Amino acid sequence: MYKSQNRKHWKINITSKCDFLQMILQSFDLRCKCSFSSILLNMEPIAHLVKVSLPNYLSELPIPNSIGGWFRLGVRDWLSLIPPTALLAGLGYMSYQAFCPEAKKTIKARVNHKIKKDLEKVVDTIDIEDITEKAVFCRCWKSENWPYCDGAHGTHNKTTCDNVGPLVITKKK
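Numbered by the UniProt record's numbering, the letters in the sequence shown go through residues 1 to 173 in order.
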């Protein structure tokens, strides 16, 4: 780890709270301007990381100059490319999650949001004799004409990327 070259020595006799705080902060490689509200972090380790360590690491990666060079890489070379590739993939995924509206779609676990919510379980019975030619029943729970389908599954499918459709029952002739 990189450490500051011009590190100050501590005073043995502490005369104020600020001297005590300054002694503690210097032990952690931090600097203080004798006030509790103006504590500044030492940026030298971060600057060394950005200016020296990271460029040295990246310059030593085995990135070939041509497409054919990728096929000549050895196992050790491929293994050394895993960490930066994983980092870039993670940053790309987090950027996608943060900025792409398609990534923010959430599928809710509950499907019934409005029909007979006072009951523990929704059960409807229809007598087969009451069906004239055919009956179309809702399976998406969005119909305003429950239990019959009114086509609300079309909007539901677009917003949730689902593929639900109605149940069609026809009477044999």
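Backbone N, C-alpha and C define an ideal beta-carbon position, used for all residues, glycine too.
Computed from a predicted model, the values in this text were never measured in an experiment.
Once you ignore the five residues that flank residue i on each side, which residues in its own chain have a CB closer than 6 Å to its CB?
i, result
"I126", "none"
"L167", "F137 and R139"
"Q142", "According to the sequence shown, residue 142 is Lys rather than Gln. A152 and H156, listed in sequence order."
"S38", "Confidence is the limiting factor: at S38 the pLDDT is only 42, short of 50, which leaves the residue's position unreliable and the question unanswerable from this model."
Is residue i near the ligand ZN, in the sense that its beta carbon is under 7 Å from a heavy atom of that ligand?
i, result
"E44", "Of ligands this structure carries none, so the ligand ZN is not represented either."
Report buried or exposed for residue i, applying the criterion of at least 16 other Cβ atoms within 10 angstroms of its Cβ.
i, result
"R7", "Model confidence at R7 stands at a pLDDT of 44, short of 50, so the residue's coordinates are unreliable; what they give is reported in the following sentence. Label assigned to R7: exposed."
"C100", "exposed"
From what residue to what residue does the beta strand (DSSP E) around residue i run?
i, result
"I169", "L167 to T170"
"V136", "K134 to F137"
My understanding is that residue i touches residue j, with C-beta atoms under 8 Å, so please give their C-beta distance in whole angstroms.
i, j, result
"H156", "D150", "With 8 Å as the limit, H156 and D150 do not qualify as a contact, their Cβ atoms being about 11 Å apart."
Name the two residues that bound the continuous alpha helix (DSSP H) containing residue i.
i, result
"G68", "I67 to F71"
"I131", "Per DSSP, I131 belongs to no alpha helix (DSSP H) and is neither H nor E."
"L61", "Unbroken run through L61: none, as it is neither H nor E."
"G90", "V75 to F99"
Exercise for review: Could you say if the stretch 76–83 and the stretch 110–128 meet the contact criterion of at least three C-beta pairs nearer than 8 Å?
Suggested key: Under the three-pair Cβ rule at 8 Å, the stretch 76–83 does not count as touching the stretch 110–128.
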